[in-house]
Structure formats: structure tokens, C-alpha cells
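Now the structure itself:
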């Protein structure tokens, strides 16, 4: 059965039309990712309307092409001009641009492209192997556990807003509130529509997303009147010949860095709402720490390109993993993918891989295939990127706004959705101006329904109020996610106080200890073993610090250097 | 008043909007059977919003006034955000005239006016803007109408032809 599904998926993906669309998508992603200010999420959002009329797998394969292309496209402008195309390639510029300026742009591009390729392939393997396991785990989840998982996803998104965590939390809660407007999905009762018939159906998720993200982003890009009229980039340099063979050899020599960075990328991708913008910096930082010659980082070293580029592509696999296994989007791009699946009446859940095996295998294959396509198209798209960067931002903004309008109308043939785009365009822009992070609000809108549905299911399942409330802390998975949520709320303070306050010495060991407790009550021997290992490690770490007289460690200022 | 800053105003606006939403939860129909009422989840969310926004309000009051005020009053504010305001106004105009102009004519006009509002206003620029708007919207309209088979609003003017 498994092979039948696999071959059917293979047949669908390798159809001429699907392949052609994947080539188009990857090429578009490469160019879009290379344009500063034009994020991958926006590229995927703009692709979505084209996929409405396609079969689900064809549409998703196209979007995966855009996703993978976008992740790799950011390195082109980063290496050639020092301005990263997307936040996922920020760390690539530290060594990529320096190497290019030192006269090896071909090698720098080669290292970037091939690291993206290998990182993506490693993550594709992990996706195939781990997604079904994660889905099996998801089958153990009850409504209490799912509700707590959503809470954790929202808190971690907010905590990634750093010093703006309070704003991040507020944005997440506003997202939840937006989702409550209109008929409730459980009883079909109209609510919070203020007597307006047009609000009875509530707000569709995709117009909200396009308004918040694309509309708001475009207006931010054209805010400065003078800059909006200038070409996107003043000096994009000339197309260079990529040194493929030398790059591959160099990457194989740094295989440990490649594996470590890819693992970091996958892990960050699995975390709800953490994306390539975090994984590339984290991988760069770890590569520098592990290097025998850390002083070479920032001067054009190959490891400084391999680490961020392999990590950011690997993040995509992690994000798809959690989306397919649990229905939780790993980042904004995965949220759009979720929207695309919902349009085709496919709801990701733990049973998604078994219920929609052909689609699931198709996604695996498409993700795998997008990487060689990206390599093939890279040289062509480099020229396309050089052409596009001569266009002023205001031209792109006006055309894309019109395109958004046509695309959103095509969703449900409704002008109500266009007004939704305008309203949330205003909200998104205001949030940017007031420094509210957008991602928590988007996740709030996406996950709000899941939270309410599971809360309602928990209430209906519980025999009384005590059981309803107490099971949030008595069920092991629920307690585990709630504890993770609590510690993720404290994480920005931990980061700020690290190396300055003594309580930071116990924060991580305490977190490990607390997380070990619910794990002891989960099924299976492996989890008990992991819980015991966590406890032992935490006790050892505390003992070591006690012996050291609770002395604060010297702050490792890698991140400060990176930010600088 | 010396403590009031942008964040304070923002927190007050969120609290006021939250209050209006909370009031609206009392208009939600109640159910007789055992199930989580349709008003429960919005109230939980709103209470959470109030708690967080009050914390945000206190934090903003502790910060004091904005360090850097861009000044200029209402005219200065309009000047700072004129590009965004142009886009909103033109997009709203595009939606309001959709029934008459349709997606093709309205879209082309929207792109042309937006380009003219944001870009340079020379004769050459007008010609470039006209060409860009005609080609881009015409291309997208054709793709959706003939390629994806989406029936886009024709508008009364187009229908009359």
C-alpha cells in the first residue's frame, strides 16, 4: 500500500505540468527571495491564487518550489551586494559578501547554493523519516493537549519578539479575537458582528493574511518617498560564474558543520513560528563557537557561508514536518501552506499522512525535487535578479497591490474579501509603525479556531468542571506544553540577564527538570529514559554551578558581534 | 499628560476596542444544551487581552514621553505617511468603483494612479506608468480570466460594450 501511494505521488509530481510549475515556482522564488524587502512569505502568498484551480498536489508542489527558491534566493543579493534578500540570509552576508569583495564571488555563490542544496536534502530526509513519527505522537494528543500546544505556539512566537514580548503577546491575542468574529464553528451562532450582515461569515484567513503581511509590508517599503523612487538596488554588480566543483569539495571538507547546521535548521523549523531568520543566525553562531579558527569568521571564511545557508533551507523541512504531522504551522510560510491545504478541503492533523498518503508523499517528493531544480535555475535567475533590481520599489508595490486584489477576489468571488485586505492592510501597517510583531497575530488567526474547538471538545468530554480544568495540568502532554509555554515566556528575560544575573544559572536546568516530570508519565520506555537523562543532566549542571560558587559565566558576545 | 506617549495612546485604543467587543459578547445567543457557549471563548480571549494591555499601559506610563517627537502636527503626520495614505485612498476608491469600472478598467486605473501618486510626475513618467499599468493588469486579468477561468467583475462600463 505504501509503495502504491508513493508511486502514485511520484507519477503526479513527475507529470510534465507539475514539473513545469515547479520550475516556474522555484525560479520565481529565487528572484523574489533575492529582492530585499520582498520576503519569501510574500512570494508564497502571491503564488497562492494561481493554485486555486490546480489539484492540491500540483498547487502545493508549486508553492514548495517558491518556498525553496526563496530560501536560496536571499543569498544572491546578500553575497553580491551585502544586502540580504530575506532575513533568512542575514548571516550569509557576513562572510559571503566579504569573500565576494575579496575577489571570489563565484566561490561564495557556489558555497551558498550548494549548502542550501545539501541542507535542504538533509532536511527532506528528516521530513520523510520523522514526520510519520511525529504524527504518531500527535495521535496521543487529546483536546487538552492540543489546546496547550496552541498556547505554547503563541507564547513562543511572542517570546521571539524579544524585548517587545508584551506587544507580541497582545498581537497573538488580537489574532485570536479576530478569529472569533462571525459564526462560531461549533454551534453556528453569529457573534461579534455588531449587527453587520457582512461580518456574519467572519474574516477569511487568507485575505487577513494578505492584508496584514503583503499590504502592510509593501506600504512599509514605499514609506520613504525618495527611496521608493530609486531602483531596488543601486549597484547589483555583474553576473558571475559560479564555482560549483570547488564549492562542493569545500562543503564536503566541512561536513560536520553542514550536518550540525542542518540539524539546527530542522530543530528551529519544528518550533512553532520560528523560521529561517532565526536558524541562520543560530547556525552561524554555533559554527563560530565550534570552529578552531573563530577569528576568521567575518573575514570571508567558507564555514561562515555553509552554516547559515544549510540551516535556513533545512528549516523548511522542519516547518513542513510539524505542519503535516500536527497541523501547526512552523512559520508564516507554513501558515500560507496550511491555507492552501484548507482551500482544497485537506486538513492537516496527525492522521493526515495516513489519510492523505499520496498528497503527503507528494509533498515529500516535491520538497526533495525543488532543491536540484533550484541548483539548475540558479544561474538563469541570477540574471533575472539583476534585471528586476533596476525596477523602483513603488512600481513593484502598485502592481503587486493590484495583483493581490485580483488574487483575493478569485478566492471566493467576493468583494467583502477585498475590504478585508484593505482593513487588515491598515492594521498591518499600523502594527509595523508601532513595532508590534506581525507573526504572532497571524498565528493567532490561524490557530484561534483550533484552540476554541479543542477547548470545547475538552469541555464536552469532561464529566465535570473539576476534570475539565484539572486535566490541563494532569495530562502529561498538556502539562509538558504548558510548562514549555511558561519557560518560553521567561526566555527574553533570560537572554537579557544572561551573564549578569545569578538566576540565569538555574533557568535552563530548572526547565529541564520541570519538563522531565510530565515525561515520566507518558507512554513508552524511550520517554522515561529521556526524562531520566534530562533530570540527571539538570542535577549535574546545578551541582557544577554550585561547586563553582554560582559564578557568572563570561558573556559570549557572538550575538552582539552578529548584530553589529 | 507629560507621561503620555504613543504606546499609552495605543494601549488606550486597544482597551476601548476590547471594551466594545466585550459588550458585544452579551448580544451572543445563549444555548440551552451542555456545550461551551459561543460567548465563552471570546470572553476568555478578551480577558487575556485586558490583562496584557493593562500591563502594556503601565509599562508605557513608566517609560514617560516619547524620546523623539517627529512634530509637525496633523500636517506633519500626513506628510510622513502620505505614500501609505495615497495607497489606502486609491485602493478604497478602486473597491468603491468596482461595480462600475470592473476589475480590468478599475485595476488599470488603480495601478496608474498609484504609480503617479508615488512616483515622479513628468510626461515621460506618465507614459511609463500608463504602459506598466496596462500591461501588468491586462496580463494578470487575462491569466485569471482565460487561464484560471475566474469570472472577475466586469463592471457596468465593460458590460455595456
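Chains as they are written, first to last, in our numbering: chain Y, 35 to 598; chain B, 72 to 232.
By construction, the Cβ of each residue, glycine as well, lies at the ideal position given by its N, Cα and C atoms.
What did DSSP end up calling residue 474(Y) once you bin it into helix, strand or coil?
Mapped onto the first chain, residue 474(Y) falls at position 440. Residue state, collapsed to three classes: helix.
Where does residue 224(B) sit, in a helix, a strand or coil, going by DSSP?
Residue 224(B) sits at position 153 when you count from the first residue of the second chain. Residue state, collapsed to three classes: coil.
Pick out whichever of 151(B), 207(B), 219(B), 80(B) has its Cα sitting closest to the Cα of residue 134(B).
By one-based count along the second chain, residue 134(B) stands at place 63. The candidate whose alpha carbon is nearest that of residue 134(B) is 80(B).
Using a Cβ cut-off of 8 Å (strictly closer), state whether residue 214(Y) contacts chain B.
Your numbering for residue 214(Y) matches position 180 in the first chain. Yes, residue 214(Y) lies at the interface with chain B (some Cβ there is under 8 Å from its Cβ).
What is the DSSP secondary structure of residue 177(Y), counted as helix, strand or coil?
What you label residue 177(Y) is simply residue 143 of the first chain in a count that begins at 1. Reduced to three states, the DSSP call for residue 177(Y) is helix.
Can you give me the Cβ contacts of residue 221(B) inside the same chain, cut-off strictly under 6 Å, excluding the 5 residues immediately before and after it?
As a working note, residue 221(B) is residue 150 in the second chain. 215.
Let's test the definition: count the other Cβ atoms within 10 Å of the Cβ of residue 365(Y) and tell me whether it reaches 16, buried, or not, exposed.
Residue numbering aside, residue 365(Y) sits at position 331 when the first chain is read from its first letter. The residue is buried, with at least 16 neighbouring Cβ atoms inside 10 Å.
Just confirm the distance between the C-beta atoms of residue 74(Y) and residue 115(Y), as a whole number of angstroms; I'd bet it's less than 8 Å.
Start at 1 with the first residue of the first chain, and residue 74(Y) comes out as number 40. Start at 1 with the first residue of the first chain, and residue 115(Y) comes out as number 81. Contact doesn't hold; Cβ gap of about 18 Å is too wide.
Residues in the same chain with beta-carbon distance under 6 Å from residue 150(Y), minus the five sequence neighbours each way, listed in chain order, please.
Looking up residue 150(Y) in the first chain gives position 116. Hits under 6 Å: 106, 343, 347.
Can you tell which of 257(Y), 193(Y), 210(Y) has the C-alpha that lies nearest to the C-alpha of residue 149(B)?
Taking the first residue of the second chain as position 1, residue 149(B) is located at position 78. If we check each option's Cα against that of residue 149(B), 257(Y) comes out closest.
Fully enclosed by the stretch 381–408 of chain Y, which alpha helix (DSSP H) runs are 4 residues long or longer?
The qualifying runs are 386–389.
Does the stretch 84–94 of chain Y come within contact of the stretch 290–305 of chain Y, defined as at least 3 CB pairs closer than 8 Å?
Too few Cβ pairs lie closer than 8 Å, so no.
Decide if the stretch 428–440 of chain Y is in contact with the stretch 157–177 of chain B; the criterion is three or more beta carbon pairs, one per stretch, under 8 Å apart.
Counting Cβ pairs under 8 Å, three or more are found: they touch.
Which residues bound the alpha helix (DSSP H) around residue 311(Y)?
Counting from 1 along the first chain, the entry for residue 311(Y) is found at position 277. Its alpha helix (DSSP H) spans residues 310–324.
Express the C-alpha separation of residue 144(Y) and residue 137(Y) in angstroms, rounding to a whole number.
Position 103 of the first chain, counted from the start, is the residue given in the question as residue 137(Y). Position 110 of the first chain, counted from the start, is the residue given in the question as residue 144(Y). Going from the Cα of residue 137(Y) to the Cα of residue 144(Y) covers about 14 Å.
If you follow the alpha helix (DSSP H) that residue 126(Y) is in, where does it begin and where does it stop?
Counting from one through the first chain, the residue named residue 126(Y) turns up at place 92. Note, residue 126(Y): alpha helix (DSSP H), 124–135.
Which whole-angstrom value is the C-beta distance of residue 235(Y) and residue 216(Y), which I expect to be below 8 Å?
By 1-based counting over the first chain, the position of residue 235(Y) is 201. By 1-based counting over the first chain, the position of residue 216(Y) is 182. The pair is a contact, with the Cβ atoms about 5 Å apart (cut-off 8 Å).
With respect to the alpha helix (DSSP H) encompassing residue 554(Y), which residues constitute its N-terminal and C-terminal limits?
Locating residue 554(Y) in the first chain gives position 520, counting from the first residue. Unbroken alpha helix (DSSP H) run through residue 554(Y): 538–554.
Tell me where the alpha helix (DSSP H) around residue 451(Y) begins and ends.
Residue 451(Y) sits at position 417 when you count from the first residue of the first chain. Note, residue 451(Y): alpha helix (DSSP H), 449–467.
Just to confirm, are residue 148(Y) and residue 65(Y) a CB contact at a threshold of 8 Å?
What you label residue 148(Y) is simply residue 114 of the first chain in a count that begins at 1. What you label residue 65(Y) is simply residue 31 of the first chain in a count that begins at 1. No; because the gap between Cβ atoms is not below 8 Å, this pair is not in contact.
Just tell me which of 540(Y), 551(Y), 463(Y), 559(Y) has its CA closest to the CA of residue 584(Y).
Looking up residue 584(Y) in the first chain gives position 550. Of the listed residues, the one whose Cα sits closest to residue 584(Y) is 540(Y).
What in chain Y is Cβ-close to residue 155(B), meaning under 7 Å?
Translated into the one-based positions of the second chain, residue 155(B) becomes position 84. In chain order: 253, 257, 463.
If you count every other CB in all the chains shown that lies within 10 Å of the CB of residue 411(Y), and 16 or more means buried, which is it?
Along the first chain, read from residue 1 onward, the residue named residue 411(Y) stands at position 377. Its Cβ being crowded by 16 or more others within 10 Å, residue 411(Y) is buried.
For residue 124(Y) and residue 543(Y), what's the separation of their Cα atoms in angstroms?
As a first step, residue 124(Y) must be located in the first chain, where it is residue number 90. As a first step, residue 543(Y) must be located in the first chain, where it is residue number 509. If you take the alpha carbons of residue 124(Y) and residue 543(Y), they lie about 31 Å apart.
Does any CB atom of chain Y fall closer than 8 Å to the CB of residue 159(B)?
Working through the second chain from its first residue, we reach residue 159(B) at position 88. It does: the Cβ of residue 159(B) has a partner Cβ on chain Y nearer than 8 Å.
Does the beta carbon of residue 72(B) come closer than 8 Å to any beta carbon on chain Y?
In the second chain, the residue the question calls residue 72(B) occupies position 1. The predicted position of residue 72(B) is uncertain, since its pLDDT is 48 and thus under 50; a value taken from the coordinates is nonetheless stated next. Not closer than 8 Å to any Cβ of chain Y, the Cβ of residue 72(B) fails to qualify, so no.
Flag this pair as yes or no: are the beta carbons of residue 425(Y) and residue 79(Y) separated by less than 8 Å?
Residue 425(Y) sits at position 391 when you count from the first residue of the first chain. Residue 79(Y) sits at position 45 when you count from the first residue of the first chain. Cβ distance not < 8 Å, so residue 425(Y) and residue 79(Y) don't count as in contact.
Could you confirm whether any beta carbon from chain B is found closer than 8 Å to the beta carbon of residue 225(Y)?
Your numbering for residue 225(Y) matches position 191 in the first chain. Yes, residue 225(Y) lies at the interface with chain B (some Cβ there is under 8 Å from its Cβ).
What residue does the alpha helix (DSSP H) around residue 207(B) start on, and which one ends it?
For the purposes of this step, residue 207(B) is taken as the residue at position 136 of the second chain. Unbroken alpha helix (DSSP H) run through residue 207(B): 194–213.
Just the C-alpha distance for residue 594(Y) and residue 229(Y), rounded to the nearest angstrom, thanks.
Along the first chain, read from residue 1 onward, the residue named residue 594(Y) stands at position 560. Along the first chain, read from residue 1 onward, the residue named residue 229(Y) stands at position 195. At residue 594(Y) the pLDDT is 48, less than 50, meaning the model places this residue with poor confidence and gives no usable figure here.
Listed from N- to C-terminal order along the chain, which residues in the stretch 440–453 of chain Y have their beta-carbon within a distance smaller than 9 Å of any beta-carbon of chain B?
Flagged, chain order: 440, 441, 443, 444, 447, 449, 452, 453.
Please check if any C-beta of chain B sits within less than 8 Å of the C-beta of residue 493(Y).
Taking the first chain and counting its residues from 1, the one referred to as residue 493(Y) is at position 459. It does: the Cβ of residue 493(Y) has a partner Cβ on chain B nearer than 8 Å.
What residues from the stretch 166–178 of chain B come within 8 Å of chain Y, judged by C-beta to C-beta, listed N to C?
Those would be 166, 169, 174, 178, in chain order.
Should residue 262(Y) and residue 428(Y) be called a contact, given that it needs their Cβ atoms to be closer than 8 Å?
Position 228 of the first chain, counting from 1, holds the residue named residue 262(Y). Position 394 of the first chain, counting from 1, holds the residue named residue 428(Y). The answer is yes: Cβ separation under 8 Å.
Can you pull the chain Y neighbours of residue 181(B), defined as C-beta to C-beta under 7 Å?
Counting from 1 along the second chain, the entry for residue 181(B) is found at position 110. Here the neighbours are 436.
In this structure, does DSSP put residue 592(Y) in helix, strand or coil?
Sequence index remark: in the first chain, residue 592(Y) carries index 558 (1-based). Reliability of the predicted coordinates at residue 592(Y) is poor, the pLDDT of 47 falling under 50, and the value obtained from them is presented with this limitation in mind. Three-state DSSP puts residue 592(Y) in a helix.
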